[in-house]
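Enquirer: Here UniProt numbering is used: position 277 in the sequence shown is 277, and no number is missing along the way.
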Amino acid sequence: DLSGSERQKFQFQKTALEIVDDLKTCPWWALGHGGSGRVVHMSDASHAELRCSEPSVLYASCRPLLSLLPTLSILRKALDKIAEIKSLLEERRIAAKIAGLYNDSEPPRKTMRRGVLMTLLQQSAMTLPLWIGKPGDKPPPLCGAIPASGDYVAKPGDKVAARVKAVDGDEQWILAEVVSYSHATNKYEVDDIDEEGKERHTLSRRRIIPLPQWKANPETDPEALFQKEQLVLALYPQTTCFYRALIHTPPQRPQDDYSVLFEDTSYADGYSPPLNVAQRYVVACKEPKKK
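#1: Starting from residue 293, follow its DSSP beta bridges and name the residues at the other end.
#2: Per DSSP, what kind of secondary structure is K155 in: helix, strand or coil?
#3: Can you find at least 3 beta carbon pairs, one from the stretch 257–275 and one from the stretch 131–139, that sit closer than 8 Å?
#4: With burial defined as no fewer than 16 other Cβ atoms inside 10 Å of the residue's Cβ, what is the status of E106: buried or exposed?
#5: Is it a yes or a no for the stretch 274–284 touching the stretch 206–223, going by three-plus beta-carbon pairs under 8 Å?
#6: Measuring CB to CB, does P210 end up less than 8 Å from L142?
#7: According to DSSP, is P70 part of a helix, a strand, or is it coil?
#8: How far does the beta strand (DSSP E) with V232 in it reach, from first residue to last?
#9: Would you call the stretch 139–157 and the stretch 175–190 in contact, with 3 or more CB pairs under 8 Å?
#10: DSSP three-state call for Q213: helix, strand or coil?
#11: Can you say whether R114 is buried or exposed, counting buried as having 16 or more other CB atoms within 10 angstroms of its CB?
#12: Give me the Cβ distance between A162 and A176, rounded to the nearest whole Å; I'm assuming they're in contact under 8 Å.
#13: Does the Cβ-Cβ distance between H201 and V160 come in under 8 Å?
#14: For V116, does the three-state DSSP call read helix, strand or coil?
#15: So, using beta-carbon positions, are R253 and E219 closer together than 8 Å?
#16: From the DSSP output, which residues share a beta bridge with F242?
#17: Let's test the definition: count the other Cβ atoms within 10 Å of the Cβ of P129 and tell me whether it reaches 16, buried, or not, exposed.
#18: Would you mind reading off the limits of the beta strand (DSSP E) that contains D191?
#19: Where does L142 sit, in a helix, a strand or coil, going by DSSP?
#20: Just how far apart, CA to CA, sit P139 and L225?
#21: To which residues does DSSP link K165 through a beta bridge?
#22: What are the boundary residues of the beta strand (DSSP E) that T202 is part of?
#23: So A284 is in the beta strand (DSSP E); what residue range does that whole segment cover?
#24: Compute the distance between the beta-carbons of L117 and D194, then report whether it is under 8 Å.
#25: Check each candidate in G150, E171 and K187 and name the one with the smallest Cα separation from R244.
#26: For G144, does the count of other Cβ atoms within 10 angstroms reach 16, so buried, or fall short, so exposed?
#27: For S124, name the three-state secondary structure that DSSP assigns.
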């Protein structure tokens with residue numbers, strides 16, 4: 001049951017994050033090497049430095065939290081296993097989809113109802129894994145606002161922002177799913193997430209922006225988030241299209257969304273009121289900001 005495993009994964013991530021937060025408030029967590037006795041409180045690392053004359057007392061006060069480290073290790077392994085299961089299920093779904101496309105004996109699949117699609121997109125955003133690195137680890141590419149590496153190739157089934165030509169000839173950014181990538185032509189084949197089984201788009205790499213694969217934690221990795229007034233492409237609520245927007249407020253907690261201002265000429269200042277968009281559906285905009 002994919003939805004059940006995703007709910008379980010979300011609970012594991014929440015528990016693991018609480019453990020990490022508790023540990024980081026403990027001075028022993030940041031005790032310097034070599035027995036110097038100098039301690040930096042993680043919650044106020046920029047300016048608080050204390051000298052501890054009796055580390056044994058400090059250790060005793062933090063011992064209950066240190067006992068949770070094995071639990072954290074188990075949670076990490078569980079998260080990895082759930083991610084592996086989810087990946088296998090996704091591979092099976094893609095294989096079944098491809099088989100269905102080339103099987104003329106089966107009736108075509110019905111188009112998904114709009115309300116169901118919007119619910120699935122919301123669930124996908126909620127269950128996006130939270131990046132929980134070890135002390136000293138930096139968030140990887142595709143974590144929050146960190147872009148993919150230059151040679152990255154999205155896998156079949158990955159969700160991306162794709163720039164396509166609309167019926168009226170204008171170009172727009174849509175939410176799409178990768179079907180395949182050709183190394184010979186350096187082009188993707190993608191399906192519009194809102195038109196499953198209909199028109200397929202063949203697009204060059206520059207017309208594809210991979211979506212984040214992890215949420216960034218604002219409390220531990222704020223540098224992996226878009227900042228206030230930064231120009232982005234964001235999925236407009238209850239649609240499958242990305243539009244230019246300015247970051248109004250970045251997430252303050254792991255479960256928070258961005259608050260963004262969409263470009264909208266119907267408003268006097270050229271921007272909509274603040275709207276919430278999940279980390280999953282906010283990517284960098286390479287186009288210049290409109291004046």
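For glycine and all other residues, C-beta sits at the position ideal for the given N, C-alpha and C.
Expert: The answer reads as follows:
#1: As shown, the chain starts at 1 and ends at 291. That puts residue 293 outside it, with no answer to give.
#2: Correct three-state label for K155: coil.
#3: They do not touch, by the three-pair rule.
#4: Confidence at E106 is low in this model, with a pLDDT of 46, below 50, so the placement of that residue is unreliable and no value is reported for it.
#5: A contact exists between the stretch 274–284 and the stretch 206–223.
#6: A distance below 8 Å separates the beta carbons of P210 and L142.
#7: In the three-state DSSP reduction, P70 falls in the helix class (H, G or I).
#8: Unbroken beta strand (DSSP E) run through V232: L231 to L235.
#9: In this structure the stretch 139–157 touches the stretch 175–190; the number of beta carbon pairs closer than 8 Å is three or more.
#10: Coil at Q213, not helix or strand.
#11: Around the C-beta of R114, fewer than 16 other C-beta atoms lie within 10 Å, and the residue is accordingly described as exposed.
#12: Between A176 and A162 the Cβ distance is about 4 Å, and since that is below 8 Å, they are a contact.
#13: No.
#14: Here V116 carries a helix assignment [DSSP, helix/strand/coil].
#15: A contact, by the Cβ cut-off of 8 Å.
#16: Beta-bridge pairing links F242 to W173 and L235.
#17: With a 10 Å radius around the Cβ and a threshold of 16 neighbouring Cβ atoms, P129 comes out buried.
#18: Per DSSP, D191 belongs to the beta strand (DSSP E) from K187 to D192.
#19: In the displayed model, L142 falls within coil according to three-state DSSP, outside both helix and strand.
#20: Approximately 10 Å between the Cα atoms of the pair.
#21: Paired residue(s): E171.
#22: For T202, the enclosing beta strand (DSSP E) starts and ends at R200 to S204.
#23: It spans V282 to A284 - the beta strand (DSSP E) in which A284 sits, taken as one unbroken run.
#24: For L117 and D194, yes; Cβs fall inside 8 Å.
#25: Nearest of G150, E171 and K187 to R244, Cα basis: E171.
#26: Counting of Cβ neighbours within 10 angstroms places G144 among the buried residues, the total reaching 16 or more.
#27: Helix at S124.
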